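**Q** Taken in order, these protein sequences are the chains called S and L.
Residue 503 is where the first sequence ends in the working numbering, and the numbering goes up by one at each step.
Residue 503 is where the second sequence ends in the working numbering, and the numbering goes up by one at each step.
Note that CB positions come from ideal geometry on N, CA and C, so glycine has one too.
Because the structure is a prediction, the values reported are computed rather than measured.
Encoded as structure tokens, here's the structure I'll be asking about.
There are 2 protein chains.
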Amino acid sequence: MKVELLREYMSKMCDLNHAVQLMQWDLKTKAPKNAVDTHIAAISTLSTESFKMSISDQVKDFIETFEHDEKLDDIMKKSLKDLKRTYERSKNIPEKLYNEYTSHTAKSEMVWEEAKRNNDFESFRPYLEKIVVYNKEMAAHIDSNQNVYDVMLDNFETGLSSDKINNLFEELKKGIVPLVESISHKERVDDSKLLGNFEEYKQKELSEYILKYIGYDFDCGRLDKSEHPFTTGTAPYDVRVTTRYDKKDIKSCLFGVIHEGGHGIYEQNISPSLIKTPLAVGTCMGIHESQSRLYENILGKNIRFWEPIYSKVGEIFPEFKAIELELFHKAINIVEPSLIRVEADELTYNLHIILRFELEKDLFTGDLQVKDLPQAWREKMKKYLGIVPKTDTDGVLQDCHWADGSFGYFPSYALGNIYGGQFAAQMEKEVGTIDYLLKEQRLDIIKDWLRNNIHRFGKMKTSAELIKDVCKSDIDVKPIIDYYQNKYSRLYHL
Amino acid sequence: MKVELLREYMSKMCDLNHAVQLMQWDLKTKAPKNAVDTHIAAISTLSTESFKMSISDQVKDFIETFEHDEKLDDIMKKSLKDLKRTYERSKNIPEKLYNEYTSHTAKSEMVWEEAKRNNDFESFRPYLEKIVVYNKEMAAHIDSNQNVYDVMLDNFETGLSSDKINNLFEELKKGIVPLVESISHKERVDDSKLLGNFEEYKQKELSEYILKYIGYDFDCGRLDKSEHPFTTGTAPYDVRVTTRYDKKDIKSCLFGVIHEGGHGIYEQNISPSLIKTPLAVGTCMGIHESQSRLYENILGKNIRFWEPIYSKVGEIFPEFKAIELELFHKAINIVEPSLIRVEADELTYNLHIILRFELEKDLFTGDLQVKDLPQAWREKMKKYLGIVPKTDTDGVLQDCHWADGSFGYFPSYALGNIYGGQFAAQMEKEVGTIDYLLKEQRLDIIKDWLRNNIHRFGKMKTSAELIKDVCKSDIDVKPIIDYYQNKYSRLYHL
């Protein structure tokens, strides 16, 4: 068999996925109201087609033929390895189970939306219980030797066990909880002056300016509006970001855009040599979040980031001319316990994630029942953040990830912070301090460093390999803790 | 074999085409600059997949199994008939020839663009010659019993031979040429007052207003900007139209939008019962053009169309308050010979089409050689329009349809005018005069009549069946000629 056949096969899978990505983007940004059902049907047909290709006998043949073929180049070797991993993990899932599960999560997402709106956990409970059961069953088909939650973590973060994550998160907690505690005794800065009435087209103008400023390439992407911000596309030539506009508060749009810009820059800088293989994507969710959070927080919430371009904000929104950069900087860095994850500050965000990780873990060991989730949620909120949601809408029902079955996804967010801390520290060693680079507007040096060390490899390296190659170390919580302590000690005069 | 299998098969083909349509729309409206190549590759892969499905052994089985199955419902019978027609016409085309032809036309389109830019027919000539040869060869594989040009006409207008079209066009010429001649002796109205500086977002606002006014449904569609206006989508729930904006002249956008709106209304009103079959599209190009041209010309260029909404134009563009409706109406109905088809008026437009039809026909009978096309073009322009292009850019090189191999496509435009004349006359008999309906703003009655008589059937009826069922007659040139004579006699006091 010729390797060309394998190339063609992968290429066809990529083209199917290309179409799926575009339809999904369209669904969330452009599709007319009544097109939703037919759009979803087409997405489902093409996804199934691609899934079937990933577990076909043809793939098995490819694996058997080429697995030990030393003549394959590196890209093809890694591609085959990726195909094999998907094949091994999916081949034993009974089609009936897969279809039942897919249609159940589609339903449960709708039930969850309604339940969230009505603060009615009980209506959602049986659906969530069933999702947990399905996930246990699927995990057994994927790998019966691993514990269930580890199998699910593996969907998002290859090779990291829940024990390992637990250790990392314990360390993270130890660094963060005292910091949050100290800050809570300080006076809160008054940020009410930052609120106003900000027209959407002006927010868009500023967003585009900032995206270009950080190095997002509009020849290979675009910015649109959607209910929840996201990044999607077919890397590297078409990577689209979205944002939402809060009329009263530009912070939500600004940092959303910088965050998605970080995801976008990652995918735009994947090596074109990986196109038409399964490797032309970010290697995993954790590394992806490391890039978006590095841009959003470590760069975007640094006063030196804004110094050279703050006048641009005032140009587009003259009301900001009356707001001193120092106040703006303090306002975007307010640390305070809050109920909603996606609105949390840089520091307490981690605690929101740790809470979810611990609950997920207990759900799958059997230490926690779905019916006891709301109470467990409240207890952990009290413990880590000192506040308790009055409703489940602001508590256990706030996120969509459990409703759509994505258990194991949450940890990636905090892992992203840890990885981002490591990368930032290493970058500072190699090309200069972030303060200096930002002040000198050398976002290009930052992007080049990230591209050379991380982006261009796509899925050629796992997260562990990337961290080892770039930082010469294992996963390490210390750099992000150092960064937090350093930053917030100065900001809050701790 | 169960009929469910046939349904699933058609459904999958529809979903593939759904994705292709969306990617093509995206390519022309939203895709970032650097995404073009990967987008085209994905479009090509999915189109090929759909084409392969249309000539597969599975389709052959379906035809053999169900062709004489009286239990099939009407929709399935017609769907199977359509599948069969495609199968029969495509199955004998050698794959090698098909691929060669596809890649040749892709290349020749690029060569044509360059040739048009440089007024250099000679550089394009060998490519066009090869396209003619390829088309002859393909036609022989499709149906060796028919003459070549008839086979090609059949791609766009099922069942109409070139002889029949020739007769229709002779009649059309006889009606039009004297009218144009008479008008040429009249003074041209001064329409310079209609030119100005019209901001794009205001043109968009007016376009949306007018689309809604004529009955285009934004819950099942949207309006975007593109270099050339077009309508696409997946009927009936997602049918998108585009327009372009000429800063100096709003006419181009206004009538482009009404034209595409006509196409869009057609597809939006196809019966939902045809979804997931090959029948949920307009039945052929001629009927499609009949709808767009009926809206654009017979309705949109009638003074009664504008009377109730002309104040809206002045609201959005205050400069129009100084322009009397009578002048506006005269300006949008100026008849004068011109070089460029897409800018021609309602009347002379037909002559541009007839000229192209006659040249196409002669090319395929062998009466005309490609090398003699430019001269033949000039002679016919002189004969029918009394003017001669100074360059081939404004002559034989102006359209893309020959470069992309779409011989047989042009006649649909003029057939659309003929059909539109018949439909309009019949509608007036059944629900009241167009003048009256427009004056009373009963665009809903017009749309309902078109939906009930034409739109909802999609491809369930051929153009001949539609005309017979709606107008109780064959194709008939008289109604459109009567309309032209009536309209232009009054307008120009002939």
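For the alpha helix (DSSP H) that K234/L lies in, which residues bound it at each end?
**A** In the second sequence, residue 234/L corresponds to position 225, counting from 1. Not the alpha helix (DSSP H): K234/L falls in the beta strand (DSSP E), residues L232 to K234.
**Q** By a C-beta neighbour count over all protein chains shown, 10 Å radius and 16 as the cutoff for buried, is Y158/S buried or exposed?
**A** Residue 158/S sits at position 149 when you count from the first residue of the first sequence. By the 10 Å Cβ count, Y158/S comes out buried.
**Q** Name, please, each residue of chain S whose Cβ falls closer than 8 Å to the Cβ of I284/L.
**A** Walking along the second sequence from the start, residue 284/L turns up at place 275. By Cβ distance, chain S contributes T47.
**Q** Using CA atoms only, rank isn't needed, just tell me which of K448/S, K456/S and K39/S is closest to E236/S.
**A** Taking the first residue of the first sequence as position 1, residue 236/S is located at position 227. When each option's Cα is compared against that of E236/S, the closest is K39/S.
**Q** D91/L by DSSP, collapsed to three states: which one?
**A** On the second sequence, position 82 is the one that residue 91/L refers to. It is helical.
**Q** Check whether the Cβ of L15/L lies closer than 8 Å to any Cβ atom in chain S.
**A** Translated into the one-based positions of the second sequence, residue 15/L becomes position 6. Contact with chain S is absent for L15/L, since none of that chain's Cβ atoms lies less than 8 Å from the residue's Cβ.
**Q** CA-CA distance, C293/L and F466/L?
**A** Residue 293/L sits at position 284 when you count from the first residue of the second sequence. Residue 466/L sits at position 457 when you count from the first residue of the second sequence. Cα-Cα distance, rounded: 12 Å.
**Q** What residues of chain S sit near E229/L, judged by a beta carbon separation below 9 Å?
**A** Reading the second sequence from its first residue, position 220 is the one you call residue 229/L. At residue 229/L the sequence reads Cys, which differs from the Glu that was named. What C229/L touches in chain S: P41, K42, N43 and A44.
**Q** Can you give the beta carbon distance from Y225/L to G273/L, rounded, assuming they're within the 8 Å contact cut?
**A** Working through the second sequence from its first residue, we reach residue 225/L at position 216. Working through the second sequence from its first residue, we reach residue 273/L at position 264. Sure, about 5 Å apart at Cβ, within 8 Å.
**Q** Please classify P8/L as buried or exposed, where buried requires at least 16 neighbouring CB atoms within 10 angstroms.
**A** Given a span of 10 to 503 for chain L in the structure shown, any question on residue 8/L remains unanswerable.
**Q** Alpha helix (DSSP H) containing I401/L: first to last residue?
**A** The count along the second sequence starts at 1 and reaches residue 401/L at position 392. It should be noted that the sequence gives Asp, not Ile, for residue 401/L. First-last for D401/L: undefined, no H or E at that position.
**Q** When we look at the beta-carbon of V351/S and count the other beta-carbons within 10 Å, is it buried (16 or more) or exposed?
**A** As a working mapping, residue 351/S is identified with position 342 in the first sequence. Classification of V351/S: exposed, given that the 10 Å Cβ count is below 16.
**Q** Quick check on V344/L: does DSSP put it in helix, strand or coil?
**A** Position 335 of the second sequence, counting from 1, holds the residue named residue 344/L. If DSSP states are grouped into helix, strand and coil, V344/L belongs with coil.
**Q** Could you run through the segment 92-105 of chain S and flag, in chain order, every residue whose CB is less than 7 Å away from some CB of chain L?
**A** none
**Q** Following the continuous beta strand (DSSP E) through D247/S, name the residue where it begins and the one where it ends.
**A** Counted from its first residue, the first sequence places residue 247/S at position 238. It spans D247 to T252 - the beta strand (DSSP E) in which D247/S sits, taken as one unbroken run.
**Q** Is A434/L buried or exposed, if buried means 16 or more other CB atoms sit within 10 Å of its CB?
**A** Here the question's residue 434/L lines up with position 425 in the second sequence. It counts as buried.
**Q** Relative to the C-alpha of E196/L, which residue among K105/L, I296/L, F178/L and A340/L is closest?
**A** The residue you call residue 196/L lines up with position 187 of the second sequence. Ranking the options by Cα distance to E196/L, first place goes to A340/L.
**Q** Do the segment 207-227 of chain S and the segment 320-332 of chain S meet, that is, are 3 or more Cβ pairs less than 8 Å apart?
**A** yes
**Q** Tell me which residue opens and which closes the alpha helix (DSSP H) that T57/S is part of.
**A** Here the question's residue 57/S lines up with position 48 in the first sequence. Residues V45 to S63.
**Q** What is the rounded straight-line gap between the Cα of N128/S and the Cα of L348/S?
**A** For the purposes of this step, residue 128/S is identified with residue 119 of the first sequence, where counting begins at 1. For the purposes of this step, residue 348/S is identified with residue 339 of the first sequence, where counting begins at 1. Each residue's Cα considered, the two are about 15 Å apart.
**Q** Since I believe M19/L is in contact with K285/L (beta carbons under 8 Å), could you give me their beta-carbon distance rounded to a whole number of angstroms?
**A** Here residue 285/L corresponds to residue number 276 of the second sequence, with the count starting at 1. Here residue 19/L corresponds to residue number 10 of the second sequence, with the count starting at 1. Taking a contact as a CB-CB distance under 8 Å, the pair K285/L and M19/L counts as one, their CB atoms being some 6 Å apart.
**Q** Along chain S, in chain order, which residues have C-beta atoms closer than 7 Å to that of E51/L?
**A** The residue labelled residue 51/L in the question sits at position 42 within the second sequence. A quick correction: the sequence has Ala, not Glu, at residue 51/L. What A51/L touches in chain S: D24, H27 and A28.
**Q** Can you name the start and end residues of the beta strand (DSSP E) that T243/L belongs to?
**A** Translated into positions along the second sequence, residue 243/L becomes position 234. In the DSSP assignment, T243/L falls within the unbroken beta strand (DSSP E) covering T240 to T243.
**Q** So, helix, strand or coil for M85/L, using DSSP?
**A** Taking the first residue of the second sequence as 1, we reach residue 85/L at position 76. In the structure shown, the three-state DSSP call for M85/L is helix.
**Q** Pull out every residue of the segment 230-252 of chain L whose Cβ sits closer than 9 Å to any Cβ of chain S, in chain order.
**A** Only those residues of the segment 230-252 of chain L whose C-beta falls short of 9 Å from the nearest C-beta of chain S are listed: G230, R231, D233, G242, T243, P245, Y246, D247, V248 and R249.
**Q** Using the Cα positions of K477/L and T243/S, report the straight-line distance between them to the nearest angstrom.
**A** Locating residue 477/L in the second sequence gives position 468, where the first residue counts as 1. Locating residue 243/S in the first sequence gives position 234, where the first residue counts as 1. Going by the C-alpha atoms only, they are around 49 Å apart.
**Q** Should D491/L be labelled buried (16 or more other beta-carbon atoms within 10 Å of its own) or exposed?
**A** Residue mapping note: residue 491/L aligns to position 482 of the second sequence, counting from 1. Its Cβ having fewer than 16 others within 10 Å, D491/L is exposed.
**Q** Going along chain C in order, which residues have a C-beta closer than 8 Å to the C-beta of D35/L?
**A** The displayed structure is made up of protein chains S and L, and chain C is not among them.
**Q** Identify each residue in the segment 54-66 of chain L for which the Cβ-Cβ distance to at least one residue of chain S is less than 9 Å, and report them in chain order.
**A** Taking 9 Å as the Cβ-Cβ cut-off against chain S, the residues of the segment 54-66 of chain L that qualify are T54, L55 and E58.
**Q** Within its chain, find whatever has a CB closer than 8 Å to the CB of A51/S; leave out the 5 residues flanking it on each side and keep chain order.
**A** Counting from one through the first sequence, the residue named residue 51/S turns up at place 42. Closer than 8 Å at the Cβ level, and outside the excluded window around A51/S, lie M32.
**Q** Cβ closer than 7 Å: which chain L residues qualify as neighbours of K21/S?
**A** In the first sequence, counting from the first residue as 1, residue 21/S sits at position 12. Ordered by position in chain L, the residues that pass the 7 Å Cβ test against K21/S are T54.
**Q** To the nearest angstrom, how far is it from the Cα of T357/S to the Cα of I223/S?
**A** Sequence index remark: in the first sequence, residue 357/S carries index 348 (1-based). Sequence index remark: in the first sequence, residue 223/S carries index 214 (1-based). Cα to Cα, T357/S sits roughly 25 Å from I223/S.
**Q** If you run the structure through DSSP and keep just helix, strand and coil, what is G430/S?
**A** In the first sequence, the residue the question calls residue 430/S occupies position 421. Three-state result, G430/S: helix.
**Q** Taking C-alpha atoms, which residue in V440/S, E166/S, T54/S and R98/S lies nearest to K69/S?
**A** As a first step, residue 69/S is located in the first sequence; it is residue number 60 there, counting from the start. Looking at the Cα atoms, R98/S is the closest of the given residues.
**Q** Going straight from the alpha carbon of L459/L to that of G441/L, what length do you get?
**A** Within the second sequence, numbered from 1, the residue matching residue 459/L stands at position 450. Within the second sequence, numbered from 1, the residue matching residue 441/L stands at position 432. So the alpha carbons of these two residues sit roughly 13 Å apart.
**Q** In three-state terms, what does DSSP make of P317/L?
**A** By 1-based counting over the second sequence, the position of residue 317/L is 308. When secondary structure is reduced to three states using DSSP, P317/L falls in the helix class.
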